[in-house]
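Trainee: What follows is a single structure, and I will ask about it in a moment.
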Amino acid sequence: MNILLVYPKYPDTFWSFRHALKFVSKKASFPPLGLITIAALLPEEWNKKLIDLNTNQLIDNDILWADFIFISAMSIQSSSANEVISRCETLNRKIVGGGPLFTSSPEYYNNVDHLVLNEAEITLPLFLKDLSDGQPKHKYTSEDWADITTTPLPLWDIVPIKNYSSMNLQYSRGCPYDCDFCDITVLYGREPRTKSREQVIAELDALYFTGYRGPVFFVDDNFIGNKKKLKKEILPAIAEWMVKRKSPFYLNTEASINLADDEVLMQLMIKAGFEAVFIGIESPNKESLVECNKTQNSNRDLISSVKKIQQAGLEVQGGFIVGFDNDPLSIFEKLTNFIQESGIVTAMV
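Numbering (this note's numbering), first residue to last: 755 to 1103.
This is the structure:
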């Protein structure tokens, strides 16, 4: 069985970093971690090939080689995903769609042969069993949350690592907060689920033995969702590993602003090799934060919290949104002043 795993292209936005990547001679920021984890869930004897449209062209011979084309994407990649689907249909090849795009809006993808939705650790084995029996269904869904302590190591063998400016790993899924604009709790739940200490170290080792050295991004939507386990098990284990391997990686991740309230946690992150953290600040306007149910931000002095994290030794990368109903006409001026006063050097708007 030949499986082609296709990752659609991101549009040319600030977040795609297309114009910045040329300065470091790279084609994309991160490899498609979800797809290479899917590859590891497939039968070992199957042939697998990865095409990331952010780094490579998809040619007809690639599609014709495959028995199935697996596509995973986020909503922002929908235009490219639709193009890939159309090409596969023209060449009469079967398509399997999964990931946030298809899970969030399956009603738009009735033309996709098989929709393997929600978390693949649950639904992909069901599809593979039916495929083996010769009776694969159109759609597979689940209301359960996966036990990610069973998630295999990503299949790094199929990734051209030199194309990317950073590598990525995942430690947890889910977020305890419920911001109105975010679908993470719908996709992954409100209670953070974590991998084991042994898994995290095994994933670091797997990446290390590819020969890669450089930045590694923990893609967790809120890395500090389970602070107790982080402080007791995970961060001390990473710190020990970094000493053993002579610090081959420098780490960054995403976290909620209440990281500022835990000095011990911040120092453990520093000791483990974390250098930066992305924080969704969203708005300097309190009414806008209340509007979008950003409760963890609306009840504090945001500039003071940012500075606490910076003073602990972590660079703060800030995420912002404009266009809330409660934004005043002066929102751009307020946002500029906030960024300058807080000392945030990387502001994503």
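Positions of the beta carbon are idealized from the N, C-alpha and C atoms, including for glycine.
Keep in mind it's a predicted model, so treat the numbers as computed, not measured.
1. Below 8 Å, how does it come out for the segment 950 to 966 and the segment 1004 to 1016: are there three or more Cβ pairs, yes or no?
2. Using the DSSP secondary-structure output, state which residues sit across from residue 1071 in a beta bridge.
3. Using a Cβ-Cβ cutoff of less than 8 Å, which residues in the same chain neighbour residue 1141 once the five nearest sequence positions on both sides are dropped?
4. From 1081, 1008 and 1055, pick the residue whose C-alpha is nearest to that of residue 1069; which is it?
5. Since residue 970 and residue 923 should fall inside the 8 Å C-beta cutoff, what is the C-beta to C-beta distance between them, to a whole number of angstroms?
6. Got a sec? Which residues, its chain only, sit under 7 Å from residue 855 by beta carbon, not counting five neighbours each side?
7. Among 859, 867 and 841, which one has its Cα closest to the Cα of residue 850?
8. Under a Cβ-count criterion, where at least 16 other Cβ atoms within 10 Å of its own Cβ denotes burial, should residue 757 be classed as buried or exposed?
9. Please state whether the Cβ-Cβ distance between residue 1057 and residue 1001 is less than 8 Å.
10. Out of 1032, 983 and 996, which one is the CA nearest neighbour of residue 1019?
11. Could you check which residue in 777, 776, 773 and 819 has the C-alpha nearest to that of residue 759?
12. Taking 8 Å as the cut-off, decide whether the C-beta atoms of residue 1126 and residue 1098 are in contact.
13. Return the Cβ separation of residue 874 and residue 787 in integer angstroms, given the expectation that the two are a contact with Cβ distance under 8 Å.
14. Return yes when the Cβ of residue 950 is within less than 8 Å of the Cβ of residue 783, no when it is not.
15. Quick one, which of 944, 917 and 1085 has its alpha-carbon nearest residue 898's?
16. Does the pairing of the segment 798 to 807 with the segment 760 to 768 give three or more beta-carbon distances under 8 Å?
17. Just to confirm the assignment: which complete beta strand (DSSP E) runs, minimum length 3, are found wholly within the segment 948 to 1033?
18. Cα separation between residue 903 and residue 948?
19. Could you name the residues of the same chain whose beta carbon sits closer than 8 Å to that of residue 1089, not counting the 5 residues immediately before and after it, in chain order?
20. Taking only the alpha-carbon atoms, compute the straight-line gap between residue 857 and residue 896 and give it to the nearest angstrom.
Mentor: Looking at the coordinates:
1. Below 8 Å, too few C-beta pairs join the segment 950 to 966 and the segment 1004 to 1016 to call them touching: fewer than three.
2. Residue 1071 is bridged to 1032 and 1100.
3. For residue 1141 there is no data in the structure shown, the boundaries of the chain being 755 and 1103.
4. Among 1081, 1008 and 1055, the Cα nearest to that of residue 1069 belongs to 1008.
5. Taking C-beta atoms under 8 Å as the contact rule, residue 970 and residue 923 qualify, at a distance of about 6 Å.
6. Correct list, in chain order: 827, 828, 829, 831, 832 and 835.
7. Answer by Cα proximity: 867.
8. Burial state of residue 757 is buried, judged by a 10 Å Cβ sphere holding 16 or more other Cβ atoms.
9. No.
10. The shortest C-alpha separation from residue 1019 is found at 983.
11. Residue 819 is the option with its Cα nearest to residue 759.
12. The structure shown does not extend to residue 1126, since the chain spans only 755 to 1103, so no value can be given for it.
13. Going by Cβ atoms, the distance from residue 874 to residue 787 rounds to 12 Å, so no, they are not a contact pair.
14. Going by C-beta atoms, residue 783 is not nearer than 8 Å to residue 950.
15. Comparing alpha-carbon positions, the option among 944, 917 and 1085 lying closest to residue 898 turns out to be 944.
16. A contact exists between the segment 798 to 807 and the segment 760 to 768.
17. Counting whole runs of 3 or more residues, the segment 948 to 1033 contains the beta strand (DSSP E) stretches 968 to 972 and 1003 to 1008.
18. Computed Cα separation, rounded: 7 Å.
19. Excluding residues within five positions, the ones whose Cβ falls inside 8 Å are 1037, 1038, 1074, 1076 and 1103.
20. So the two alpha carbons sit approximately 10 Å from each other.
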